[in-house]
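Numbers 6 to 642, taken from my numbering, label the letters of the sequence shown in order.
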Amino acid sequence: MTAAEKQTLGFQTEVKQLLNLMIHSLYSNKEIFLRELVSNSSDAADKLRFLALSNTELYDGDANLRVRISTDKDAKTLTISDNGIGMNREDVISALGTIAKSGTAEFFKNLTGDQAKDSKLIGQFGVGFYSAFIVADKVTVRTRKAGEAQGVEWESHGEGEFTIADIEKADRGTEITLHLRDDENEFLDEYRLRGIVTKYSDHISIPVEMFKPEVPASEGEDGEKIEGTPAEWEAINKATALWTRDKSDISEEEYKEFYKHVGHDWEEPLTWAHNKVEGKTEYTSLLYVPKRAPFDMWNRERRSGLKLYVQRVFIMDDAEQFMPSYLRFVKGLLDSNDLPLNVSREILQDNKITQAIRKGCTSRVLKMLDRLGKNDVENYQTFWNEFGQVLKEGPAEDSAHKEDIAKLLRFASTHSDEKTQNVSLEQYIERMKEGQDKIYYVVADSFEAAKNSPHLEIFRKKGIEVLLMSDRVDEWMMSYLTEFSEKQFQSVTRGDLDLGNLDDEETKKAQEETEKEVSGLVERMKTVLGEKVKEVRFTHRLTDSPACVVTDDHDMSSQMQKLMASIGQEVPDSKPIFEINPEHQLVKHLNELQDEDKFAQWSEVLLDQALLAERGSLKDPAGFVARLNKLMLELSK
Numbered sequence: 006m007t008a009a010e011k012q013t014l015g016f017q018t019e020v021k022q023l024l025n026l027m028i029h030s031l032y033s034n035k036e037i038f039l040r041e042l043v044s045n046s047s048d049a050a051d052k053l054r055f056l057a058l059s060n061t062e063l064y065d066g067d068a069n070l071r072v073r074i075s076t077d078k079d080a081k082t083l084t085i086s087d088n089g090i091g092m093n094r095e096d097v098i099s100a101l102g103t104i105a106k107s108g109t110a111e112f113f114k115n116l117t118g119d120q121a122k123d124s125k126l127i128g129q130f131g132v133g134f135y136s137a138f139i140v141a142d143k144v145t146v147r148t149r150k151a152g153e154a155q156g157v158e159w160e161s162h163g164e165g166e167f168t169i170a171d172i173e174k175a176d177r178g179t180e181i182t183l184h185l186r187d188d189e190n191e192f193l194d195e196y197r198l199r200g201i202v203t204k205y206s207d208h209i210s211i212p213v214e215m216f217k218p219e220v221p222a223s224e225g226e227d228g229e230k231i232e233g234t235p236a237e238w239e240a241i242n243k244a245t246a247l248w249t250r251d252k253s254d255i256s257e258e259e260y261k262e263f264y265k266h267v268g269h270d271w272e273e274p275l276t277w278a279h280n281k282v283e284g285k286t287e288y289t290s291l292l293y294v295p296k297r298a299p300f301d302m303w304n305r306e307r308r309s310g311l312k313l314y315v316q317r318v319f320i321m322d323d324a325e326q327f328m329p330s331y332l333r334f335v336k337g338l339l340d341s342n343d344l345p346l347n348v349s350r351e352i353l354q355d356n357k358i359t360q361a362i363r364k365g366c367t368s369r370v371l372k373m374l375d376r377l378g379k380n381d382v383e384n385y386q387t388f389w390n391e392f393g394q395v396l397k398e399g400p401a402e403d404s405a406h407k408e409d410i411a412k413l414l415r416f417a418s419t420h421s422d423e424k425t426q427n428v429s430l431e432q433y434i435e436r437m438k439e440g441q442d443k444i445y446y447v448v449a450d451s452f453e454a455a456k457n458s459p460h461l462e463i464f465r466k467k468g469i470e471v472l473l474m475s476d477r478v479d480e481w482m483m484s485y486l487t488e489f490s491e492k493q494f495q496s497v498t499r500g501d502l503d504l505g506n507l508d509d510e511e512t513k514k515a516q517e518e519t520e521k522e523v524s525g526l527v528e529r530m531k532t533v534l535g536e537k538v539k540e541v542r543f544t545h546r547l548t549d550s551p552a553c554v555v556t557d558d559h560d561m562s563s564q565m566q567k568l569m570a571s572i573g574q575e576v577p578d579s580k581p582i583f584e585i586n587p588e589h590q591l592v593k594h595l596n597e598l599q600d601e602d603k604f605a606q607w608s609e610v611l612l613d614q615a616l617l618a619e620r621g622s623l624k625d626p627a628g629f630v631a632r633l634n635k636l637m638l639e640l641s642k
């Protein structure tokens, strides 16, 4: 090996931070390193099996894929080797020197210094190979990619740098040697290692082998000859694809451990569904809902989807064609009997079999979440807090399942002081007032703005529940979600307020009398406000505020305008409808004001106040401040 062949390189900054954190935060659960390394070896075997479908020469005469675990007690080393796809120099630098995953800055920003909490974050981030440094003070990786002649050796002490060099390696695949720390002798004990594999990796579909020493023939006490056994590699796991087994034969613990393997997650899943479908389309699905969202959930370039197998043969990771975008958090796998082994992403896109499987899997996930919401409120709230905003994309994306998705939605409401979104539409309908035929809601920039919106005043007075929405996606979602359970949705900030049977005749007569008292006010305001408003009219939706603005039924709401502007779309110009409360003392005072200049100033201040309460900003804040200051100075004289 020449000096030119060997390089010393520095770790990516995030890797250095991560290694230090893992060594200190995950020490109490250190045995998981073996699960992670065996899982990586299994993935490498799956990838080789897929590539060999079109190029059998990659097997190079060795098609029996396996993982082997061996120890050297004298050297204090533990080695995990496989005959999978292997890596070349470029692969090694990319995979072992870099965290090739978005969201790294967000990840480190969320670290707390609390080891218990940080260890969960590490699991959420998913960094399996680096767990080797929990028990090893040096790791050596020797690997050769299938179909290539040159081997590569990578070595590091898990500190600031690593070395990489070209080597000769007789066979393909990867061999990871852990030079164990002085106090980690337990991982040289074969019984201990077998126990870990049985606990975490029994579901791996290829054999995980350990060397079984020769047992010589012997003679029993009665003189009977006892046959010996030769030295051989022995599989210590079931080596049967878990999803192919009968559900009744699979324990809850096995399902959870398989999720950690297939989802590259260190936490248990919230729930899962395992189904075998027979008929026109035959496939097996094993679908999981994670506990936590990954840091790059909102990254457009992030790949998501299910692992795809065809007749037990691994085909691809992240097959996004089988799950709609609003369910992109679902992890798991599909095993189809109908798709061809040479299937590609392009073929999957418009394939009728794909469409049938996608439809079935979507329904299955929605039913799984519905059961979780009804049977385990606490865990469903955990799900909603993590993935609720993603699920809200559903009504726009999937009209066929709109009602099913709506059942899963959760909202804050005026019947609770909490910010928590925990009210379902079914609960809302159960609590509706007698005579109420609409589901009322308000959308604002924040929970506080929604909760304190002046548009809610009459609803609070009458005890009518209103859903409070403040997520960025809400206004867009509600433009597609028009009804639920035959009840129409009604924004309290849109159109003329009609409470229908909730308004009694006596109240209506009293309102008419009040409007007569200030009957000329509307026309005066229209004159002074001119083109700033679409219309001026009386309203009885207010009890404490003098005025508010609402959006015409056919115009784009202020929240939708903000959303469109934030993504660079041109926003059509629309004027608000200005509503005034004839019962408010300030409005009555304005009606009696004879000075037209002061009347105009007060009218504009009331309009700006209403716009500020509705939109959170003004086009001309300086003008509003100047008018307000002038009026306050006159009042102080």
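Ideal Cβ placement from N, Cα and C applies to all residues, glycine included.
Treat the numbers as computed from the prediction; the structure is a model and nothing was measured.
Where do the N-terminal and C-terminal ends of the alpha helix (DSSP H) with residue i fall, by residue?
i      : result
Lys593 : Gln590 to Glu597
Val43  : Ile37 to Leu56
Thr61  : That residue, Thr61, is in no alpha helix (DSSP H); it is neither H nor E in DSSP.
Lys285 : Lys285 -> no alpha helix (DSSP H), and no H or E assigned at all.
Ser303 : For clarity, residue 303 is Trp in the given sequence; the question names Ser instead. It is not in any alpha helix (DSSP H) - Trp303 carries neither H nor E in the DSSP assignment.
Ala455 : Phe452 to Lys456
Ile352 : Arg350 to Gln354
Ala605 : Glu601 to Arg620
Thr419 : Run containing Thr419: none; DSSP gives neither H nor E here.
Ser368 : Lys357 to Asn380
Gly268 : Glu257 to Gly268
Leu472 : It is not in any alpha helix (DSSP H) - Leu472 instead sits in the beta strand (DSSP E) that spans Leu472 to Met474.
Val324 : According to the sequence as given, residue 324 is Ala; it is not Val. Run containing Ala324: none in the alpha helix (DSSP H); it sits in the beta strand (DSSP E), Val318 to Ala324.
Lys466 : Glu462 to Lys467
Lys204 : Glu195 to Tyr205
Tyr331 : It is not in any alpha helix (DSSP H) - Tyr331 carries neither H nor E in the DSSP assignment.
Leu430 : Leu430 to Glu435
Ala401 : Gly399 to Glu402
If I'm right that residue i touches residue j with Cβ under 8 Å, what's the distance once you round it to whole angstroms?
i      : j      : result
Asp207 : Lys243 : 5 Å
Leu472 : Ser418 : 5 Å
Thr82  : Thr182 : 5 Å
Leu177 : Arg149 : Looking at the sequence provided, one finds Arg at residue 177 rather than Leu. Indeed they touch by this definition, with Cβ atoms about 5 Å apart.
Phe583 : Ala615 : 7 Å
Gly133 : Asn190 : About 23 Å; that fails the 8 Å criterion.
Ile241 : Glu36  : Not quite, the Cβ-Cβ distance comes to about 15 Å (not below 8 Å), so this is no contact.
Tyr288 : Ser341 : 4 Å
Pro551 : Asn586 : 5 Å
Quickly, what does DSSP pair residue i with across the bridge? List them, please.
i      : result
Glu488 : Gln493
Arg147 : Glu158 and Glu180
Val213 : Val72
Trp238 : Phe216
Gln12  : Ile169
Arg94  : The partner list for Arg94 (beta bridge, DSSP) is empty, contrary to what the question assumes.
Thr84  : Ser75 and Thr182
Ile231 : Ser223
Thr276 : Val294
For the beta strand (DSSP E) containing residue i, list its first residue and its last residue.
i      : result
Gly440 : Unbroken run through Gly440: none, as it is neither H nor E.
Arg73  : Val72 to Asp77
Ile169 : Glu166 to Ile172
Leu311 : Leu311 to Val315
Ala449 : Taken as a continuous stretch (DSSP letters only), Ala449 belongs to no beta strand (DSSP E), as it is neither H nor E.
Met648 : Any question about residue 648 goes unanswered here, given that the chain covers just 6 to 642.
Gly1   : For residue 1 there is no data in the structure shown, the boundaries of the chain being 6 and 642.
The ligand NAD and residue i: does any heavy atom of the ligand fall closer than 7 Å to the residue's C-beta?
i     : result
Ile74 : Absence of the ligand NAD is noted for the structure shown, with no ligands found whatsoever.
Indicate whether the contact test is met: 3 or more Cβ pairs, each with one atom in the region 368–378 and one in the region 408–419, closer than 8 Å.
The region 368–378 makes contact with the region 408–419, as at least three CB pairs between them are under 8 Å.
Does the pairing of the region 436–444 with the region 524–534 give three or more beta-carbon distances under 8 Å?
The answer is no - the region 524–534 does not touch the region 436–444, with fewer than three Cβ pairs under 8 Å.
Those runs of the alpha helix (DSSP H) which lie wholly inside the region 537–591 and span at least 4 residues
Taken in chain order, the complete alpha helix (DSSP H) segments of 4 or more residues contained in the region 537–591 are 563–571.
Using a Cβ distance threshold of 8 Å, determine whether the region 331–349 contacts the region 307–319, with at least three qualifying pairs required.
At 8 Å Cβ cutoff, the stretches touch.
Pairing CB atoms from the region 318–327 with CB atoms from the region 250–257, are three or more of them under 8 Å?
In this structure the region 318–327 does not touch the region 250–257; the number of beta carbon pairs closer than 8 Å is below three.
Does the count of Cβ pairs from the region 557–572 and the region 495–504 closer than 8 Å reach three?
Touching, per the Cβ criterion.
Restricting to runs no shorter than 4 residues, where is the alpha helix (DSSP H) found entirely within the region 514–539?
Those alpha helix (DSSP H) runs which fall completely within the region 514–539 and span 4+ residues are 526–534.
With a cut-off of 8 Å, do at least 3 Cβ pairs link the region 362–369 to the region 388–402?
With contact defined as three or more Cβ pairs closer than 8 Å, the region 362–369 and the region 388–402 are not in contact.
Below 8 Å, can you find three or more Cβ-Cβ pairs linking the region 161–176 to the region 202–220?
Judged by Cβ distances under 8 Å, the region 161–176 makes no contact with the region 202–220, as fewer than three pairs qualify.
Is it true that the region 224–242 meets the region 94–101, where meeting means three or more beta-carbon pairs spaced less than 8 Å apart?
Short answer: they don't touch.
Between the region 451–465 and the region 480–495, do at least 3 Cβ pairs fall closer than 8 Å?
Taking a cut-off of 8 Å on C-beta distances, the region 451–465 does not touch the region 480–495, as fewer than three cross pairs fall below it.
Do the region 382–402 and the region 423–441 make contact, defined as three or more Cβ pairs closer than 8 Å?
The region 382–402 makes contact with the region 423–441, as at least three CB pairs between them are under 8 Å.
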